[in-house]
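Colleague:
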Amino acid sequence: MRRLKAVAATAGLAMLPLGLSAALPSQAVATVERSNVQQSAPASPADCVYYLSLAGYTITPARVSACNAGDGLNCWVRLMNTGVSNYHAANACRLL
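According to mature numbering (1 follows the signal peptide of the UniProt record, and there is no 0), the stretch in the sequence shown is residues -22 to -1, 1 to 74, in order.
Next comes the structure, spelled out in C-alpha cells:
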C-alpha cells in the first residue's frame, strides 16, 4: 500500500510543472478541453447576403431586405418571393 501511495504522489508531482493540479486532475483536463473550443462570431444579415452571393444569386435590394427581415420564416418567404430556391433560402435564413 505504501508503494501505491508513493507512486500516486510522484505522479501527482510530475503533473505540477505542466500547470495541472495534482489534487483536481479532472478539473484541469476540463479546462484544457474548453480552451480548444473555437467561438464563432454571431451570425448577421451580412452572412445571409454573403451566402446568397456564394450560391450564385445576384444581390438585389429585395434580397438584402429579406436578409434584414429578422426572423427565419419572414426571411425565407421574402427570399423565395425573389426567386431564391427553397434550399438556398432556408440555408441563408439560418445564418441570421
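Don't be surprised by glycine CBs; every beta carbon is placed ideally from N, CA and C.
Note that the coordinates shown come from a computational prediction; the quantities given were computed from them, not determined experimentally.
Return helix, strand or coil for G50, following the three-state DSSP convention.
Modeller: Within the sequence shown, numbered from 1, the residue matching residue 50 stands at position 72. DSSP places G50 in helix when its eight states are reduced to three.
Colleague: Once you ignore the five residues that flank G50 on each side, which residues in its own chain have a CB closer than 6 angstroms to its CB?
Modeller: Here residue 50 refers to the residue found at position 72 of the sequence shown. Answer for G50: C71, listed in chain order.
Colleague: Report the option in C45, T38 and M58 whose CA atom is closest to the CA atom of A21.
Modeller: To locate residue 21, count along the sequence shown from 1; it is residue 43. Of the candidates C45, T38 and M58, the one whose C-alpha sits nearest the C-alpha of A21 is C45.
Colleague: Ignore the nearest five residues each way along the sequence and tell me which others in H66's own chain have a CB closer than 6 angstroms to its CB.
Modeller: Numbered from its first residue, the sequence shown carries residue 66 at position 88. For H66, where only same-chain residues beyond five positions count, the Cβ hits under 6 angstroms are A33.
Colleague: Would you kindly work out how many angstroms separate the C-alpha atoms of M58 and N64, rounded to a whole number?
Modeller: Residue mapping note: residue 58 aligns to position 80 of the sequence shown, counting from 1. Residue mapping note: residue 64 aligns to position 86 of the sequence shown, counting from 1. Roughly 6 angstroms separates the two Cα atoms.
Colleague: For the alpha helix (DSSP H) that contains L32, what are its first and last residues?
Modeller: Residue numbering aside, residue 32 sits at position 54 when the sequence shown is read from its first letter. Where L32 is concerned, the enclosing alpha helix (DSSP H) stretches over P23 to L32.
Colleague: Residue range of the alpha helix (DSSP H) that V42 falls in?
Modeller: Here residue 42 is taken as the residue at index 64 of the sequence shown, counted from 1. P39 to C45 is the span of the alpha helix (DSSP H), which, as asked, contains V42.
Colleague: If you compare alpha carbons, which of N52, N69, V55 and V62 is closest to T38?
Modeller: By 1-based counting over the sequence shown, the position of residue 38 is 60. Checked all of N52, N69, V55 and V62; the closest Cα to T38 is V62.
Colleague: Pop quiz: Y29 and L74 are said to be a contact at Cβ under 8 angstroms. What is the actual Cβ separation, rounded to whole angstroms?
Modeller: Here residue 29 refers to the residue found at position 51 when the sequence shown is read from its first residue. Here residue 74 refers to the residue found at position 96 when the sequence shown is read from its first residue. That belief does not hold up - the Cβ atoms of Y29 and L74 are roughly 10 angstroms apart, past 8 angstroms.
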